[in-house]
Structure formats: structure tokens, C-alpha cells
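First the structure, in the form of C-alpha cells, and then the observations on it.
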Amino acid sequence: MIDQFYNHIAPAQRHLQNFAKSRRISPASTRLYTGASMMPYDEELYREHDVKRGLRNADGSGVVAGLTRIADVHGYRKENGKFIPDEGKLTIRGYDIAEIIDHAQAEDRFGYEEVAYLLLTGELPRADELESIGARIGSLRLLEDEYISEFPLATKSNSIMNVLQRAVLMLYAFDETPDDITAPHEVDVALSLLARLPRIAAIAHITHEAMDSGVRVQVPEPNASASMAEAILEVLRGRDDFTHEEAMLLDVMLMLHAEHGGGNNSTFSCRVLSSSATDAYSAYAAAIGSLKGPRHGGANAKVTQMHADIRAHVTNWDDDDEVAAYLAKILMGEAFDHSGLIYGMGHAIYTLSDPRAQICKRYARSLAEEKGLGEEFALIERIERIAPAVMRDVRGMTKPICANIDLYTGFIYSILGVPEILFTPLFAVARMAGWAAHRMEELYGAHRIIRPAYNAVLDDVTYVPLAER
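See the structure below:
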């Protein structure tokens, strides 16, 4: 069996020879790198051992790994074992996310804090409880002087997500009982991170910008009475440099990103670490690391870059055939980042529609009309309409393909003046409430370390003495 693995190594060895030459690596060191090619993807091997690659069943549905009372991400149903596509729906603690957003917007109030309370407690807050959680979060925004004196030194990175991970792990040292996993302490840590992460992300960005330009960092004092959305915009744009409507729109984005079930990669990462009973800071830092990936939260920035690339290479944005031809080139790895992916299209669960994308699209259309960006918005809509057929023609995909939330988020963030480098960090800031709810559900509900099995596909071999190798 092991021989079949070596058949895949030759291309890797050719690549390695060029790699070694460019970096002047000793020939004696080259086998350090070929080991990475010992287990290439082999569909037959997965089928032979009945292994669910990516914890997915053959029909694309997820392998059931746990139970949750926090959220339901619905995109298909199963009847008599048959996979049936369905309209997407996201419910948090049983409430439709669209209904929560619509009520907050109709009442002209910020809704993210309500969603955070709902996630953490399982209940909608009364007016006094909503005011209380807002005040608690507001009172925790101030970062200790000692932390601030050390934190900017850790911000030197081309990734704010990497900075957020280090910042969260650094907060462990400023907690008197960081390994306490009782419910009161877990809630306190969650609230403190809800308060601090938006500020940390924004400070990291403006510090990075200031270092590049050689100017002094000017960070406004935290506003204890501000909503989460306002607190973010105050650091990014100044306290008086954004409108109430812009803050309300950012609030919608935060609500849409707050929670998405227990199976998404970052939440599952958080649950895996939490099942070991490790500290909260380690679990949340792991979730941030997962969300950074371009197959997960990092896709929103990739979508924005892809849209810019399409605008630059498609002459007539209104021509379906020309747009389709360029999308085909992207799929074949001949254009954009050569990954062969059309970012913003397709989802692991949603089939006919992503409810978050539909909400984003509604607000994006209104923004585009207001800002005179109708042509850019029309091109995104055209990509959404054309891409599924192109993906079927080029890749032979049979599963229904819909736009996901990332197709429109970058467009909205750009109009709000949010730098691209902060797209995914804002996703992390919003998802903190969901991660906290799932961490506590794992800690106090499942009571068992997550430990799946892997089938070993290797042969026994005889040890060869060093002198005989």
C-alpha cells in the first residue's frame, strides 16, 4: 500500500529541487520536505475505509458531531435518506435572524447587544437587561495601561487576525484567575472580550498605519455609552465622522456574523479546545486562527479582490457571455489567484439560498443607489446569477450553488470605509458572542473531550540500522 504513496512524490521532488536551489538548501535536507507529500489526496482510499473527508457525508451533508441548543443553520432536508435542497434559514435560540434584525431596525436601535445576550443566556433580554449588558460591555472597553504599553509591540504583522490571536493570549496574563472555567468567570471573560476585541482590532490597524507613515497614534478614549458598531467606527473614523445610518448598517453586519451553528470550522475549533477544559483565552485564540483561513472567514477579503480583478479584466460588465468566460478562467485556475475558486459562491450547508446573503444584498442595493455605485452592484448580482451555471459546466457540479454572505459583505464594508485588512477581524469581533455560547455549552453540556478516530493506512516495516541506510 505504501508504494502508491511514493508514486505521487516525483512532482514534489522536482518542485523541491527548484525550492532548494532558490534557498541554497543542502541536498541532505531535501527529504525533510518530501515527507509532506507522503499522504496525497486519494479518493479511493477514503471510500475504501468509509472515511468522511472533511467530516462530510457523500451527499455533502455534515457528519453529526454533537447537539446544540444555540443555533440552527438550515439549507437542506433529508427524507428517507435522500438529500433535498431547501431555502436557507438561520435561527438563533429558535428566533429567525431576519426577524431579529428587522425589529431592531424598525425600532431604530442597535441589535448586536441583544443578539449577544440571547446567545449567552438563551433568552431575549428585557429592556433593563439589554441596558445592563450594554453598560457592562461599555465599562470594560478601557485597556490597562500595562497592557497598552506591551500591546503595540505585538501589532507588527501583515495580518490583524494574527494580532488578534496574540492580543487574546496576552490578556490571559492580565487575568488573576485565567484558568478558572466556572460559569461566572467564563461570562466575565466573554463580556470583556466583546468589549475589548473591537478596540484591539482597530488600534492594531491604526498603529500599523501610523508606523508605516511615521505619525503618532491617536486613539480616542473609549465611549462607555456607545454600541458595539459605534465603538468600532469611533476608533476607525473618529467620534463625529460617521452617521447614525452607517453605524446601524454595521450593526446589521455584526448581527449576521454573530453566530452560525456549531459545525462551522472556527466554532468547532473553539468547541474542540473547550472540550479539553483549557482556558477561555486559548480556545478563542484558536477560533480566530481558524477564521483567518480563506476557506472560512478570510473569504470576504478574497471576494473583494476577485471583484476588482473581474472589473479590471472584463471590458463590458453588462455582457453575460464575457463575464461567464472570465469566471470560467478563474475556475480553471487561469485567472485571479489561480486557486480555481469563485469566492462568495457556494456553501457547505446552504443550497438554494443563504439568508444572510439575501439580507446583505438588500442593504447593498440600497447603498449602491445612494452612493452612485449601481454598476458595481449590478456586476456582483450578475456574478451571483451566472456563476452556478459556469461551475456546473466547468466543474460538473451537481449540488445547487447559491451566493454566500461573503459575496456582498466586502462591498458593504468598503462603502462604510472599513479597510480590507479589517474585514475578517470584524467577522471575528462579531462571532465572539457565538464562540462564547458554544464554549460554555461544550464545557457544561457535553462533558467529554472530543477525540475522533483516524484509520492508519500504513504498513509495518523493519527498522534499518543507521549505517545500512
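According to the working numbering, the sequence shown is numbered sequentially starting from 773.
Virtual Cβ for every residue (Gly too), placed ideally from N, Cα, C.
(1) Within the same chain, show all residues whose beta-carbon is closer than 6 Å to that of Ser-1048, passing over the 5 residues directly before and after it, in chain order.
(2) Nearest CA to the CA of Leu-941: which residue from Ile-1121, Val-1236, Val-1024, Thr-1050?
(3) If I follow the unbroken beta strand (DSSP E) through Ile-856, where does it start and stop?
(4) Between which two residues does the beta strand (DSSP E) harbouring Glu-981 extend?
(5) Is it buried or exposed for Tyr-884, if we count other Cβ within 10 angstroms and need 16 for buried?
(6) Mind reading off the beta-carbon distance from Val-1086 to Val-1095? Whole number of angstroms is fine, and I expect it under 8 Å.
(7) Starting from Gly-910, trace the alpha helix (DSSP H) both ways and give me its first and last residue.
(8) Given the structure, does Met-942 come close to the ligand GTP, in the sense that its CB is under 7 Å from one of the ligand's heavy atoms?
(9) Would you decide whether Thr-1170 is buried or exposed? Buried here means 16 or more other CB atoms lie within 10 Å of its CB.
(10) Using CA atoms only, rank isn't needed, just tell me which of Gly-1061, Arg-1157, Gly-1146, Gly-1105 is closest to Thr-1196.
(11) Near Ile-774, which residues of its chain fall below 7 Å by C-beta distance, leaving aside the five closest residues on each side in sequence?
(12) Is Met-1025 buried or exposed, if buried means 16 or more other CB atoms sit within 10 Å of its CB?
(13) Out of Cys-1174, Ala-1059, Gly-1168, Asp-1178, which one is the CA nearest neighbour of Ile-1158?
(14) Considering only residues of the same chain and omitting the five flanking positions on each side of Lys-850, which have a CB-CB separation below 8 Å?
(15) Just to confirm my understanding: we take Met-1212, look at its own chain, exclude 5 residues before and 5 after, and list those with CB closer than 6 Å. What are they?
(16) Measuring CB to CB, does Val-1007 end up less than 8 Å from Ala-967?
(17) In whole angstroms, give me the CA-to-CA distance for Ala-782 and Ala-837.
(18) Comparing C-alpha positions only, which one of Leu-1063, Pro-1191, Leu-1099 sits nearest to His-1032?
(19) Could you pull out every unbroken alpha helix (DSSP H) segment of at least 4 residues lying fully inside the segment 1191-1237, listed in chain order?
(20) Determine whether the beta carbon atoms of Ala-1071 and Tyr-1098 lie at a separation below 8 Å.
(21) Please name the residue in Asp-880, Arg-865, Leu-1238 whose C-alpha comes closest to that of Glu-1017.
(22) Between the segment 1175-1184 and the segment 1117-1126, can you find at least three pairs of beta-carbon atoms closer than 8 Å?
(23) Between the C-alpha atoms of Ala-1228 and Tyr-1235, what's the straight-line distance to the nearest angstrom?
(24) Could you check how far apart the C-beta atoms of Ala-1059 and Ser-1038 are, in whole angstroms? I think they sit under 8 Å.
(25) Where Ala-1055 and Ile-864 are concerned, what is the direct C-alpha to C-alpha distance, given to the nearest angstrom?
(26) Going by Cα to Cα distance, which pick from Tyr-889, Glu-1240, Ala-1205 is closest to Gly-1034?
(27) Compare the C-alpha of Pro-1172 against each of Leu-943, Thr-1123, Arg-913 and name the closest.
(28) Can you tell me whether Ala-1239 is helix, strand or coil according to DSSP?
(29) Roughly how many angstroms separate the alpha carbons of Leu-1028 and Val-845, rounded to a whole number?
Well, looking at it:
(1) Ile-1221
(2) Thr-1050
(3) 854-864
(4) Not the beta strand (DSSP E): Glu-981 falls in the alpha helix (DSSP H), residues 955-985.
(5) buried
(6) Correct: roughly 6 Å between the Cβ atoms.
(7) 899-911 is the span of the alpha helix (DSSP H), which, as asked, contains Gly-910.
(8) In the structure on display, the ligand GTP does not appear, and there are no ligands present to speak of.
(9) exposed
(10) If we check each option's Cα against that of Thr-1196, Gly-1061 comes out closest.
(11) Bear in mind that the predicted position of Ile-774 carries a pLDDT of just 37, short of 50, making it too unreliable to give a figure here.
(12) Looking at its Cβ environment, which holds 16 or more other Cβ atoms inside 10 Å, Met-1025 is buried.
(13) Taking only the C-alpha atoms, the option nearest Ile-1158 is Cys-1174.
(14) Answer for Lys-850: Ser-833, Ile-856, listed in chain order.
(15) Glu-958
(16) no
(17) With a pLDDT of 47 at Ala-782, under the threshold of 50, the modelled position of this residue cannot be trusted, and the question is left open.
(18) Of Leu-1063, Pro-1191, Leu-1099, the smallest CA-CA separation from His-1032 is found for Leu-1063.
(19) 1195-1213
(20) no
(21) Asp-880
(22) yes
(23) 19 Å
(24) 4 Å
(25) So the two alpha carbons sit approximately 22 Å from each other.
(26) Ala-1205
(27) Thr-1123
(28) helix
(29) 12 Å
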